[in-house]
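Novice: Chains as they are written, first to last, in the numbering used here: chain A, 3 to 583; chain B, 3 to 583.
Protein chains: 2
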Amino acid sequence: MRRIFPFTQWLATYSRDDAASDFVAAIIVTIMLVPQSLAYAMLAGLPPEAGLYASMLPLLAYAIFGSSRTLAVGPVAITSLMTAAAAGKIAAAGSGAYVEAALALAAMSGLVLVAMSILRLGFLTDLLSHPVISGFISASAVLIAATQLKYILGVPASGDTLLKLVPSLLEHVAQTNLYSLALGGFALAFLLWSRRGLMPLLRRIGFAPFYASLMAKAGPLAAVLASIAAVTFFALDENGVKIVGAIPASLPPFTLPSFDAAIWLQLLPAAILLSLIGFVESVSVAQTLAARRRERVDANQELTALGAANLTAALSGGMPVTGGFSRSVVNFDAGARTPLAGVFTALGILLAGLYLTPLFSLLPQAVLGATIIAAVLGLIDLATIKRVWAYSKADFTAMGATILMVLLEGVEAGILAGVGLSLVLFIWRTSRPHIAIVGQVPGTEQFRNINRHAVITDPDILCVRVDESLYFVNAHYLEDAIYDMAIAAGTVKHVVLMCTAVNMVDSSALVSLESLDQRLKSAGIAFHLSEVKGPVMDALKHSDFFVHFKGKVFLSQFAATQALSRKAKGADQTRAPAIID
Amino acid sequence: MRRIFPFTQWLATYSRDDAASDFVAAIIVTIMLVPQSLAYAMLAGLPPEAGLYASMLPLLAYAIFGSSRTLAVGPVAITSLMTAAAAGKIAAAGSGAYVEAALALAAMSGLVLVAMSILRLGFLTDLLSHPVISGFISASAVLIAATQLKYILGVPASGDTLLKLVPSLLEHVAQTNLYSLALGGFALAFLLWSRRGLMPLLRRIGFAPFYASLMAKAGPLAAVLASIAAVTFFALDENGVKIVGAIPASLPPFTLPSFDAAIWLQLLPAAILLSLIGFVESVSVAQTLAARRRERVDANQELTALGAANLTAALSGGMPVTGGFSRSVVNFDAGARTPLAGVFTALGILLAGLYLTPLFSLLPQAVLGATIIAAVLGLIDLATIKRVWAYSKADFTAMGATILMVLLEGVEAGILAGVGLSLVLFIWRTSRPHIAIVGQVPGTEQFRNINRHAVITDPDILCVRVDESLYFVNAHYLEDAIYDMAIAAGTVKHVVLMCTAVNMVDSSALVSLESLDQRLKSAGIAFHLSEVKGPVMDALKHSDFFVHFKGKVFLSQFAATQALSRKAKGADQTRAPAIID
Chain A
3 MRRIFPFTQW LATYSRDDAA SDFVAAIIVT IMLVPQSLAY AMLAGLPPEA
53 GLYASMLPLL AYAIFGSSRT LAVGPVAITS LMTAAAAGKI AAAGSGAYVE
103 AALALAAMSG LVLVAMSILR LGFLTDLLSH PVISGFISAS AVLIAATQLK
153 YILGVPASGD TLLKLVPSLL EHVAQTNLYS LALGGFALAF LLWSRRGLMP
203 LLRRIGFAPF YASLMAKAGP LAAVLASIAA VTFFALDENG VKIVGAIPAS
253 LPPFTLPSFD AAIWLQLLPA AILLSLIGFV ESVSVAQTLA ARRRERVDAN
303 QELTALGAAN LTAALSGGMP VTGGFSRSVV NFDAGARTPL AGVFTALGIL
353 LAGLYLTPLF SLLPQAVLGA TIIAAVLGLI DLATIKRVWA YSKADFTAMG
403 ATILMVLLEG VEAGILAGVG LSLVLFIWRT SRPHIAIVGQ VPGTEQFRNI
453 NRHAVITDPD ILCVRVDESL YFVNAHYLED AIYDMAIAAG TVKHVVLMCT
503 AVNMVDSSAL VSLESLDQRL KSAGIAFHLS EVKGPVMDAL KHSDFFVHFK
553 GKVFLSQFAA TQALSRKAKG ADQTRAPAII D
Chain B
3 MRRIFPFTQW LATYSRDDAA SDFVAAIIVT IMLVPQSLAY AMLAGLPPEA
53 GLYASMLPLL AYAIFGSSRT LAVGPVAITS LMTAAAAGKI AAAGSGAYVE
103 AALALAAMSG LVLVAMSILR LGFLTDLLSH PVISGFISAS AVLIAATQLK
153 YILGVPASGD TLLKLVPSLL EHVAQTNLYS LALGGFALAF LLWSRRGLMP
203 LLRRIGFAPF YASLMAKAGP LAAVLASIAA VTFFALDENG VKIVGAIPAS
253 LPPFTLPSFD AAIWLQLLPA AILLSLIGFV ESVSVAQTLA ARRRERVDAN
303 QELTALGAAN LTAALSGGMP VTGGFSRSVV NFDAGARTPL AGVFTALGIL
353 LAGLYLTPLF SLLPQAVLGA TIIAAVLGLI DLATIKRVWA YSKADFTAMG
403 ATILMVLLEG VEAGILAGVG LSLVLFIWRT SRPHIAIVGQ VPGTEQFRNI
453 NRHAVITDPD ILCVRVDESL YFVNAHYLED AIYDMAIAAG TVKHVVLMCT
503 AVNMVDSSAL VSLESLDQRL KSAGIAFHLS EVKGPVMDAL KHSDFFVHFK
553 GKVFLSQFAA TQALSRKAKG ADQTRAPAII D
């Protein structure tokens with residue numbers, strides 16, 4: 003009960019003080035969310051009210067099921083872009099079928115998330131490596147910013163990848179509407195400046211810190227209102243400046259996504275990717291914020307909550323939603339203490355949707371575009387790109403492929419290329435493992451690489467450490483490599499394979515070990531193992547390996563060389579105990 | 003020179019004695035290969051002469067380029083089945099387009115093999131794990147045997163998977179030709195008995211061992227000749243017994259496979275799989291035989307040689323070829339010393355093709371089918387299936403999937419399912435690695451699992467060994483698992499991660515390590531590493547990891563506990579040297 007409905011954990015002790023804090027946070031988030039809702043609906047190719055509806059009831063659903071106290075849910079830039087990419091394959095943006103596809107996508111995403119929760123499939127997000135997610139977000143931000151240029155220029159360009167978008171923009175650039183460009187350009191400049199410049203300015207002209215911070219967060223709303231005023235006074239909409247247009251002033255409608263099996267099947271891959279990406283982003287924000295206040299987020303419960311939010315969005319005329327990064331940080335910083343802040347925010351959006359839509363209908367699309375660009379530029383993470391480049395060329399390859407594919411082929415191709423390449427590169431890295439010949443570090447029982455340390459070696463004994471599990475992809479290579487090392491070493495009587503890093507020996511490697519044992523025996527060399535881990539030894543004992551394998555298994559490399567060097571010198575012919583871990 | 007044309011290594015010292023040995027071996031292989039060539043052409047859905055042509059010039063090509071002294075090349079059962087599956091997608095068996103597709107497949111396979119040799123892509127065969135290959139061969143053998151039942155029954159059944167074949171056989175079983183069934187049944191029984199029973203019988207009735215062995219190997223030929231006699235005397239072909247029919251008596255024709263880009267593209271996946279499977283089988287036979295005589299086989303040169311043999315087959319009216327298992331063993335046992343035995347065999351087949359075709363045209367298809375069934379039953383390797391089941395359920399899963407898919411969906415689906423599942427299962431096994439809490443084995447510097455050994459532990463220090471590389475698929479899991487262990491341990495002041503099995507730390511795991519360090523620090527616990535391998539340490543040093551990470555890196559777990567337990571007890575506050583490998 004407390005697990006499935008986390009609100010039962012805090013509702014009983016909810017105080018007036020909590021309510022005041024949540025209420026203030028809700029006002030600030032509402033001010034931020036109203037223009038964002040309109041903007042992300044536009045980014046998704048949906049009518050503006052879809053964004054507003056997606057910011058009402060889904061927030062209630064999250065408040066009921068969510069385990070994070072401060073996550074702010076709603077439409078976000080990346081999932082809006084993914085919605086546009088997926089729905090665009092079904093129908094033309096603006097058509098009824100397109101809107102229905104977006105609703106179906108929200109419903110499927112909800113079902114996928116709930117199914118992942120029930121089947122405990124949250125681990126699937128582990129397939130999204132950090133470089134791939136980071137590259138995906140940066141590239142998506144660039145792509146989103148590029149798609150918004152057409153609104154700032156006021157031209158009818160189209161395309162959902164840079165390959166299509168750039169030529170289309172170039173084709174139409176001569177038709178640029180200068181009023182649009184001026185409005186969008188000013189708004190963008192103001193928004194970018196206001197992030198850092200507005201609050202110090204407000205403080206300098208005498209506002210108290212709290213109000214200065216509040217007003218600074220209203221920057222986007224101020225830009226919106228100023229642009230509406232400009233449109234009204236100068237009748238810019240009659241001079242070719244495209245405005246949002248009529249928004250129905252209503253409660254969220256009850257909608258049922260159409261259940262067309264063909265369309266659902268076509269949308270399924272997109273719904274899965276959208277769910278995974280949305281969940282990864284949301285849960286990482288939630289965990290970061292929870293850690294700051296020593297609260298806990300239950301990842302599996304978050305799947306349920308985001309699933310419920312998306313199903314709710316599908317049933318109330320919305321669009322896919324997830325936890326937003328900047329929005330949640332604002333909610334947290336503004337003092338939100340419980341998910342009731344989200345409920346208050348939903349009420350705020352509801353009031354705005356009922357009473358302010360005539361105002362927002364005059365909002366120029368160029369300013370919404372500027373809002374989006376200002377929001378997503380912050381998502382471009384060059385520092386991580388540089389860090390990954392410096393740390394690992396393999397990881398950078400996966401990241402670079404993700405970025406390139408997102409820009410050139412779109413979001414889904416990007417994610418799939420990134421995940422696929424990450425896995426291939428991992429397999430590749432395990433296929434030709436590092437092999438070290440080791441010797442004893444003087445005065446210790448430790449054995450280390452002879453090329454890195456001044457170590458003691460015995461000419462009769464070749465100690466080889468393989469830094470990887472033995473499995474089919476590297477088994478043949480390792481068999482040949484160890485054999486060649488033993489032959490190259492000349493006078494060697496014993497080869498000891500130090501298995502500290504061998505976490506698994508699969509059936510193929512078992513065959514290779516037996517073959518290596520045979521080949522070394524033919525060359526007059528005995529083959530032994532040391533430091534075999536418990537689980538690996540259990541498996542070997544359950545096979546017929548030790549029927550053929552006549553070498554010894556030593557507890558440690560130290561024990562191996564002690565026993566074998568004595569044996570080689572004829573001092574002690576007793577069989578050393580084959581102790582294993 | 004000696005590498006590209008390995009025959010230059012033995013031709014100069016070739017003696018009359020060598021020639022005599024090679025000649026005898028060639029006679030025996032020829033006797034075996036004539037019916038096999040006709041049978042495998044039938045299995046591939048090709049006219050009988052394609053099998054004969056594939057056993058002439060390709061053997062010369064292999065003799066020029068091959069590095070094995072005793073490998074016998076020609077059409078084999080598995081590649082014939084794969085040829086039928088691939089060509090069957092292009093055209094109906096028996097049509098001209100079908101024959102052309104088979105030629106194109108041989109040409110492409112040749113090009114793929116040569117390309118793999120030049121680009122050093124032989125490692126691609128490492129993706130075929132031992133259980134997958136073994137399962138593939140066993141299942142293919144069952145499938146091949148099933149496809150031959152229609153010849154034994156003398157019915158027009160069809161289908162290239164059990165799903166299609168079994169219903170088709172049941173549909174036609176009432177039309178069984180009893181003469182065919184009798185011929186095929188007797189031939190099969192004789193062939194199966196003759197493997198073990200013929201030689202002892204011949205020895206008992208007084209033949210010298212050499213001649214008894216020679217005659218035993220002629221068993222299939224005897225069955226063939228007896229059945230031809232039966233057809234002739236009883237005019238069985240006029241009673242519905244299907245015979246091979248007219249075979250043109252000619253030298254191999256010069257053929258050029260058609261270069262239709264669409265067909266080549268469609269055949270490419272099949273050509274790649276056929277090349278890989280053919281190469282793996284061939285090179286493993288070659289290596290096994292070479293090891294017995296302390297000769298060496300150069301895997302990369304084998305790619306060239308098999309590529310040349312397939313290209314030659316495509317240019318001389320043949321079909322895809324590779325090194326055959328039983329045939330090579332017979333060649334070896336019969337005393338072949340050099341690839342000239344293959345040249346002599348090619349001459350033998352040529353003579354048979356020129357002068358014996360009228361005889362073979364009367365050969366009943368039922369007997370050829372029996373020959374094939376007798377040959378492939380030996381490929382079904384139940385022992386390996388049992389062994390893999392006993393050793394590893396994961397490996398068995400991949401093997402089982404391969405077997406099921408071959409039988410139900412065909413050879414290509416089977417191989418792809420097997421390789422794909424093997425890789426997925428490997429990733430799966432690395433995603434939730436074994437984690438052990440370790441303690442010191444008394445009297446040694448060794449640290450082992452506290453659950454398996456009586457070890458010494460320090461209540462202030464939690465020593466954790468993770469048995470896997472740290473990478474994106476397991477990073478989050480390990481971060482949480484180690485954190486939870488540290489919190490659960492209660493009084494712990496230090497956590498030491500023993501990195502003996504950590505062969506790689508990727509960018510995602512780096513982030514997780516930093517996050518774990520932060521979380522442990524918040525809980526008042528210091529986090530350290532021990533036994534970090536050289537290559538991993540090099541990478542960490544190149545990153546900004548040590549800017550944030552304030553723990554120590556110890557040469558060994560022993561050094562870690564020495565330093566930390568002294569520190570914890572306040573006896574010695576000097577910073578222990580952070581020695582690393």
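We put the beta carbon where it would ideally sit given N, CA and C, even for glycine.
Any residues in the region 419 to 438 of chain A with a beta carbon nearer than 7 angstroms to a beta carbon of chain B? Which ones, in chain order?
Specialist: The residues in question are Ser424, Leu425, Phe428, Ile429, Arg431, Ser433, Pro435, His436.
Novice: Starting from the C-beta of valine 134 (chain B), find all residues in its chain whose C-beta is less than 7 angstroms away, skip the five residues before and the five after it, and write them out in chain order.
Specialist: Locating residue 134 (chain B) in the second sequence gives position 132, counting from the first residue. For valine 134 (chain B), where only same-chain residues beyond five positions count, the Cβ hits under 7 angstroms are Ala400, Met401, Thr404, Gly420, Val421, Ser424.
Novice: What residues in its chain sit with their C-beta under 6 angstroms from that of leucine 342 (chain A), if we drop five residues either side in the sequence?
Specialist: Numbered from 1 along the first sequence, position 340 holds the residue referred to as residue 342 (chain A). Once the five neighbours on either side are set aside, the close Cβ partners of leucine 342 (chain A) are Asp24.
Novice: Please tell me whether tyrosine 55 (chain B) and glycine 412 (chain B) are closer than 8 angstroms, where the distance is taken between their beta carbons.
Specialist: The residue you call residue 55 (chain B) lines up with position 53 of the second sequence. The residue you call residue 412 (chain B) lines up with position 410 of the second sequence. No.
Novice: With 16 as the cutoff for other CB atoms within 10 Å, does valine 323 (chain A) come out buried or exposed?
Specialist: Sequence index remark: in the first sequence, residue 323 (chain A) carries index 321 (1-based). With 16 or more Cβ atoms within 10 Å of its Cβ, valine 323 (chain A) is classed as buried.
Novice: Which value, in whole angstroms, describes the spacing of the CA atoms of arginine 450 (chain A) and alanine 561 (chain A)?
Specialist: Here residue 450 (chain A) is taken as the residue at index 448 of the first sequence, counted from 1. Here residue 561 (chain A) is taken as the residue at index 559 of the first sequence, counted from 1. Looking at the two C-alpha atoms, the distance is approximately 15 angstroms.
Novice: By Cβ distance, which residues of its chain are closer than 7 angstroms to glycine 344 (chain A), with the 5 residues on each side in sequence left out?
Specialist: As a working mapping, residue 344 (chain A) is identified with position 342 in the first sequence. Same-chain partners within the cutoff: Leu61, Tyr64, Ala65, Ala74, Val75.
Novice: Could you spell out the range, first to last residue, of the beta strand (DSSP E) harbouring serine 532 (chain A)?
Specialist: Taking the first residue of the first sequence as position 1, residue 532 (chain A) is located at position 530. Its beta strand (DSSP E) spans residues 528 to 532.
Novice: Spatial neighbours of glutamate 102 (chain A) within its chain, please: CB distance less than 7 angstroms, with the 5 preceding and 5 following residues excluded, ordered by chain position.
Specialist: The residue given as residue 102 (chain A) occupies position 100 in the first sequence. So the list reads Pro259, Ser260, once near-sequence residues are dropped.
Novice: Measuring CB to CB, does phenylalanine 397 (chain B) end up less than 8 angstroms from aspartate 508 (chain A)?
Specialist: Here residue 397 (chain B) refers to the residue found at position 395 when the second sequence is read from its first residue. Here residue 508 (chain A) refers to the residue found at position 506 when the first sequence is read from its first residue. According to the sequence provided, residue 397 (chain B) is aspartate. The question's phenylalanine does not apply to it. Yes; because the gap between Cβ atoms is below 8 angstroms, this pair is in contact.
Novice: Within 8 angstroms (strictly less), CB to CB, does phenylalanine 474 (chain A) reach chain B?
Specialist: In the first sequence, counting from the first residue as 1, residue 474 (chain A) sits at position 472. Taking Cβ atoms only, chain B reaches closer than 8 angstroms to phenylalanine 474 (chain A), which makes this a yes.
Novice: Establish whether the CB of aspartate 460 (chain B) and some CB of chain A are separated by less than 8 angstroms.
Specialist: Position 458 of the second sequence, counted from the start, is the residue given in the question as residue 460 (chain B). No - not a single Cβ of chain A is within 8 angstroms of the one on aspartate 460 (chain B).
Novice: Assign aspartate 460 (chain A) to one of three DSSP states: helix, strand, or coil.
Specialist: In the first sequence, the residue the question calls residue 460 (chain A) occupies position 458. DSSP places aspartate 460 (chain A) in strand when its eight states are reduced to three.
Novice: Does the structure place the region 301 to 314 of chain A close enough to the region 102 to 115 of chain A that three or more beta carbon pairs sit under 8 angstroms?
Specialist: Touching, yes.
Novice: How would you list, in chain order, the residues of chain A whose beta-carbon sits under 9 angstroms from the beta-carbon of proline 49 (chain B)?
Specialist: Position 47 of the second sequence holds residue 49 (chain B). Those within 9 angstroms of proline 49 (chain B) in chain A number zero; the least Cβ separation is about 38 angstroms.
Novice: Count the other CB atoms, across all protein chains shown, that sit within 10 Å of the CB of aspartate 19 (chain A); report buried if there are 16 or more and exposed otherwise.
Specialist: As a working note, residue 19 (chain A) is residue 17 in the first sequence. So aspartate 19 (chain A) ends up on the exposed side.
Novice: Counting only beta-carbon atoms, is proline 537 (chain A) nearer than 8 angstroms to chain E?
Specialist: Within the model displayed, chain E is absent; protein chains A and B are what it includes.
Novice: Compare the C-beta of aspartate 589 (chain B) against all C-beta atoms of chain A and say whether one is closer than 8 angstroms.
Specialist: Residue 589 (chain B) lies beyond the residue range present for chain B, which begins at 3 and ends at 583; the question has no answer from this structure.
Novice: Is valine 175 (chain B) buried or exposed, if buried means 16 or more other CB atoms sit within 10 Å of its CB?
Specialist: The residue you call residue 175 (chain B) lines up with position 173 of the second sequence. Label assigned to valine 175 (chain B): exposed.
Novice: Between glutamine 564 (chain B) and chain A, is any beta-carbon pair separated by less than 8 angstroms?
Specialist: Sequence index remark: in the second sequence, residue 564 (chain B) carries index 562 (1-based). Not closer than 8 angstroms to any Cβ of chain A, the Cβ of glutamine 564 (chain B) fails to qualify, so no.
Novice: Histidine 132 (chain B) CB to nearest chain A CB: under 8 angstroms?
Specialist: Residue numbering aside, residue 132 (chain B) sits at position 130 when the second sequence is read from its first letter. Chain A, which has a Cβ nearer than 8 angstroms to the Cβ of histidine 132 (chain B), makes this yes.
Novice: Taking Cβ-Cβ distances below 9 angstroms as the criterion, which residues of the region 491 to 505 of chain B are in contact with chain A?
Specialist: Of all residues in the region 491 to 505 of chain B, Thr502, Ala503, Val504, Asn505 have a Cβ within less than 9 angstroms of some Cβ in chain A.
Novice: Helix, strand or coil for glycine 137 (chain B), going by three-state DSSP, please let me know.
Specialist: Taking the first residue of the second sequence as 1, we reach residue 137 (chain B) at position 135. Looking at glycine 137 (chain B) - three-state DSSP - the assignment turns out to be helix.
Novice: With a CB to CB cut of under 6 angstroms and the five nearest residues on each side skipped, what residues in its chain are close to isoleucine 139 (chain B)?
Specialist: To locate residue 139 (chain B), count along the second sequence from 1; it is residue 137. Here the set comprises Leu381.
Novice: Kindly list the residues whose CB is nearer than 7 angstroms to the CB of valine 282 (chain A), restricted to its own chain and excluding five residues on each side of it in sequence; keep chain order.
Specialist: The residue labelled residue 282 (chain A) in the question sits at position 280 within the first sequence. Counting only Cβ-Cβ distances below 7 angstroms, and skipping sequence neighbours, we find Thr127, Leu130, Ile135.
Novice: Determine the extent of the alpha helix (DSSP H) in which leucine 379 (chain B) is found, giving its start and end residues.
Specialist: For the purposes of this step, residue 379 (chain B) is taken as residue 377 along the second sequence, with counting starting at 1. Element bounds for leucine 379 (chain B): 367 to 379.
Novice: Distance cutoff 8 angstroms, beta carbons only. Does leucine 384 (chain B) sit that close to anything in chain A?
Specialist: Stepping through the second sequence from its first residue, residue 384 (chain B) is reached at position 382. Answer no: the Cβ-Cβ gap between leucine 384 (chain B) and chain A never drops below 8 angstroms.
Novice: Can you say whether glutamate 173 (chain B) is buried or exposed, counting buried as having 16 or more other CB atoms within 10 angstroms of its CB?
Specialist: To locate residue 173 (chain B), count along the second sequence from 1; it is residue 171. Exposed.
Novice: Judging by CA-CA distance, which residue of B:Ser229, B:Pro366, B:Ser57, B:Thr15 is the nearest neighbour of threonine 32 (chain B)?
Specialist: What you label residue 32 (chain B) is simply residue 30 of the second sequence in a count that begins at 1. Among B:Ser229, B:Pro366, B:Ser57, B:Thr15, the Cα nearest to that of threonine 32 (chain B) belongs to B:Ser57.
Novice: 8 angstroms is my cut-off, CB to CB: does asparagine 241 (chain A) come that close to chain B?
Specialist: On the first sequence, residue 241 (chain A) is found 239 positions in, with the first residue counted as 1. Asparagine 241 (chain A) does not count as touching chain B.
Novice: Beta-carbon within less than 7 angstroms of aspartate 162 (chain B)'s beta-carbon, same chain only, minus the 5 sequence neighbours each way: which residues are those?
Specialist: In the second sequence, residue 162 (chain B) corresponds to position 160, counting from 1. Counting only Cβ-Cβ distances below 7 angstroms, and skipping sequence neighbours, we find Ala86, Ala87, Gly90, Gly412.
Novice: Which full runs of the beta strand (DSSP E) of 3+ residues lie inside the region 186 to 270 of chain A, going along the chain?
Specialist: Runs of the beta strand (DSSP E) inside the region 186 to 270 of chain A: none found.
Novice: Which residue wins for smallest C-alpha separation from serine 394 (chain B), given the options A:Lys388, A:Pro461, A:Lys543?
Specialist: Mapped onto the second sequence, residue 394 (chain B) falls at position 392. Nearest C-alpha to serine 394 (chain B): A:Lys543.
Novice: Looking at the C-beta of tyrosine 393 (chain B), does it have a partner C-beta in chain A at a distance below 8 angstroms?
Specialist: Residue 393 (chain B) sits at position 391 when you count from the first residue of the second sequence. For tyrosine 393 (chain B), the answer is yes, since a Cβ of chain A falls inside 8 angstroms of its Cβ.
Novice: In chain B, which residues lie with their C-beta within 9 angstroms of the C-beta of glutamine 448 (chain A)?
Specialist: Stepping through the first sequence from its first residue, residue 448 (chain A) is reached at position 446. What glutamine 448 (chain A) touches in chain B: Glu447, Glu533, Leu557, Ser558, Phe560, Ala561, Asp583.
Novice: Count Cβ pairs between the region 219 to 232 of chain A and the region 188 to 206 of chain A that sit closer than 8 angstroms; are there 3 or more?
Specialist: Contact holds: three or more Cβ-Cβ distances are below 8 angstroms.
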